[in-house]
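2 protein chains.
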Amino acid sequence: MAYRETEKMRQRKAEARRRIVECTYECVAEGGFRSARITRIAGLAGVATGTIYRHFESREDLFAEIFRTATQKEVDKVAEALDTPGDATTRLENALRQFAERALRGPMMAWSLIAEPVDPKLEEERLVYRRAYAEHFERAIREGIAEGCIPDHDARQSSTCLVGAIAESLVGPLSPTLASQNSLTETDKNRLVDSIVRFCVQGLTGSRR
Amino acid sequence: MAYRETEKMRQRKAEARRRIVECTYECVAEGGFRSARITRIAGLAGVATGTIYRHFESREDLFAEIFRTATQKEVDKVAEALDTPGDATTRLENALRQFAERALRGPMMAWSLIAEPVDPKLEEERLVYRRAYAEHFERAIREGIAEGCIPDHDARQSSTCLVGAIAESLVGPLSPTLASQNSLTETDKNRLVDSIVRFCVQGLTGSRR
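Heads up: the sequence lines are chains A and B, in that order.
The first sequence begins at 1 in UniProt numbering and counts up by one.
The second sequence begins at 1 in UniProt numbering and counts up by one.
The following block contains the structure:
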């Protein structure tokens, strides 16, 4: 009987944690990390604010978990897109295109993950994940060099150029303060994605797209 | 007599402020914003820590001033390099090269300005300055399009690709935690700068460099 109660409590705790994470995610996707207040999250999750701090040491730790989960999903998507059949340039093009399109479909979350000014702890996570993206790109670039569709060059270095170019060129369009986030038409978005991809692929191959 | 004393005090205050700024700069250039402690700065400047807070509301405000002054200098250098004679591609190439070379010559300061995880206030300054770099690049790209040395495309968008590509590709080499900062030979540095510039110019022109 004692055992069953403990099991039930464990389940209840896990369920509360899941709801906290889910509601934090919603808050961030709606207004960024800055606007995700603990009281608001607690209200949405139907728990006391104290409960949040039983699951997470601090607001920063909760945010770090959201950041990691959401970013890892994007990293996995890039890895998947790079893992499809086709020559390396096409795979890189698809991965970059998909990354930008996904960001523009969830602009506030993408802004929060890519560029929102956040505390140094989260900023450090960002640096780690940027390395993760770069490593996936680097592998594909090396494959492209081996296949002959990309001229021989320092793949490690150009992989970071890709990460920087795509992230930075999305900052403006995603920025909620620049107010362009909601004013982009589908045509604008397509044009934006095309031009990011063109710059990146030209940068790698040195051939006009 | 009262007037003269006030004037003297004003001069002494200005001199203390100048020393505080100078010593903060030194600390940041040596170990980044994180390691620039107020007690250390006060010691170097020969003032009480309280004096620092009479000149700056907070550590963040002092850091913001250092950040702005140091970054504005780099923005001006880019603007200057873009303003020399020659075709736009060459001017862009020179400006990018100079930016990267200067960063590699003062790696800790460059790391602090470009990528060190800092508090959100400073991070917002970073976004502002990234726009400033992009605007200078954009103007030169437009000139290149008008001159015919750069194919017609969205200059605003590609200017942000340049900013992202050059900044991100310097993060690894400059990072003090990755410990590569001091292990780069002159040949490594030249190769790195060449490959960043090549990626960027190829991205803009679509012609092999």
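Note that CB positions come from ideal geometry on N, CA and C, so glycine has one too.
Cβ-Cβ distance between residue i and residue j below 8 Å
i: residue 45 of chain A; j: residue 20 of chain A; result: yes
i: residue 161 of chain B; j: residue 203 of chain B; result: yes
i: residue 191 of chain B; j: residue 209 of chain B; result: no
i: residue 141 of chain B; j: residue 155 of chain B; result: yes
i: residue 24 of chain B; j: residue 16 of chain B; result: no
i: residue 201 of chain A; j: residue 92 of chain A; result: yes
i: residue 94 of chain B; j: residue 81 of chain B; result: yes
i: residue 56 of chain A; j: residue 122 of chain A; result: no
i: residue 134 of chain A; j: residue 169 of chain A; result: no
i: residue 31 of chain B; j: residue 108 of chain B; result: yes
i: residue 14 of chain B; j: residue 75 of chain B; result: no
Cutoff 8 Å: residue i Cβ touching any chain B Cβ
i: residue 208 of chain A; result: yes
i: residue 71 of chain A; result: no
i: residue 89 of chain A; result: no
i: residue 97 of chain A; result: no
i: residue 185 of chain A; result: no
i: residue 11 of chain A; result: no
i: residue 188 of chain A; result: no
i: residue 119 of chain A; result: yes
i: residue 165 of chain A; result: yes
i: residue 86 of chain A; result: no
i: residue 171 of chain A; result: yes
Test: residue i CB closer than 8 Å to a CB of chain A
i: residue 197 of chain B; result: no
i: residue 174 of chain B; result: no
i: residue 168 of chain B; result: yes
i: residue 123 of chain B; result: yes
i: residue 107 of chain B; result: no
i: residue 160 of chain B; result: yes
i: residue 128 of chain B; result: no
i: residue 192 of chain B; result: yes
i: residue 115 of chain B; result: yes
Rounded separation between residue i and residue j - CA only
i: residue 124 of chain A; j: residue 117 of chain B; result: 6 Å
i: residue 164 of chain B; j: residue 138 of chain B; result: 13 Å
i: residue 70 of chain B; j: residue 10 of chain B; result: 25 Å
i: residue 189 of chain A; j: residue 99 of chain A; result: 13 Å
i: residue 29 of chain A; j: residue 83 of chain B; result: 42 Å
i: residue 126 of chain B; j: residue 136 of chain B; result: 16 Å
i: residue 113 of chain A; j: residue 129 of chain A; result: 10 Å
i: residue 157 of chain B; j: residue 77 of chain B; result: 22 Å
i: residue 153 of chain A; j: residue 195 of chain B; result: 8 Å
i: residue 115 of chain A; j: residue 5 of chain A; result: 45 Å
i: residue 261 of chain B; j: residue 120 of chain B; result: Look at the range of chain B in this structure, 1 to 209, and you will see that residue 261 of chain B is not part of it.
i: residue 39 of chain A; j: residue 111 of chain A; result: 23 Å
i: residue 68 of chain B; j: residue 61 of chain B; result: 10 Å
i: residue 96 of chain B; j: residue 186 of chain B; result: 18 Å
i: residue 22 of chain B; j: residue 177 of chain B; result: 25 Å
i: residue 41 of chain A; j: residue 53 of chain A; result: 12 Å
Any non-hydrogen atom of the ligand FAD within 7 Å of residue i CB
i: residue 162 of chain A; result: What this structure holds is no ligand at all, so the ligand FAD is not there to describe.
ask   = What residues in the stretch 43 to 61 of chain A have a beta carbon less than 8 Å from any beta carbon of chain B?
value = If the cut-off is 8 Å between Cβ atoms, the stretch 43 to 61 of chain A has nothing near chain B.
inquiry  = Would you call the stretch 165 to 178 of chain A in contact with the stretch 102 to 112 of chain A, where contact means no fewer than 3 C-beta pairs closer than 8 Å?
reply    = By the C-beta criterion, the stretch 165 to 178 of chain A is judged to be in contact with the stretch 102 to 112 of chain A, since at least 3 inter-stretch pairs fall below 8 Å.
Meets three-Cβ-pair contact criterion under 8 Å: the stretch 85 to 93 of chain A and the stretch 132 to 152 of chain A = Contact annotation: the stretch 85 to 93 of chain A touches the stretch 132 to 152 of chain A, with at least three C-beta pairs closer than 8 Å.
ask   = Of all the residues that make up the stretch 132 to 155 of chain A, which are near chain B by a beta-carbon distance shorter than 9 Å?
value = Going along the stretch 132 to 155 of chain A in chain order, one finds 134, 151, 153 and 154 with a Cβ nearer than 9 Å to chain B.
query = When you check each C-beta in the stretch 19 to 45 of chain B against every C-beta of chain A, which residues fall closer than 7 Å?
reply = Those residues of the stretch 19 to 45 of chain B that come within reach of chain A (Cβ to Cβ, closer than 7 Å) do not exist; the list is empty.
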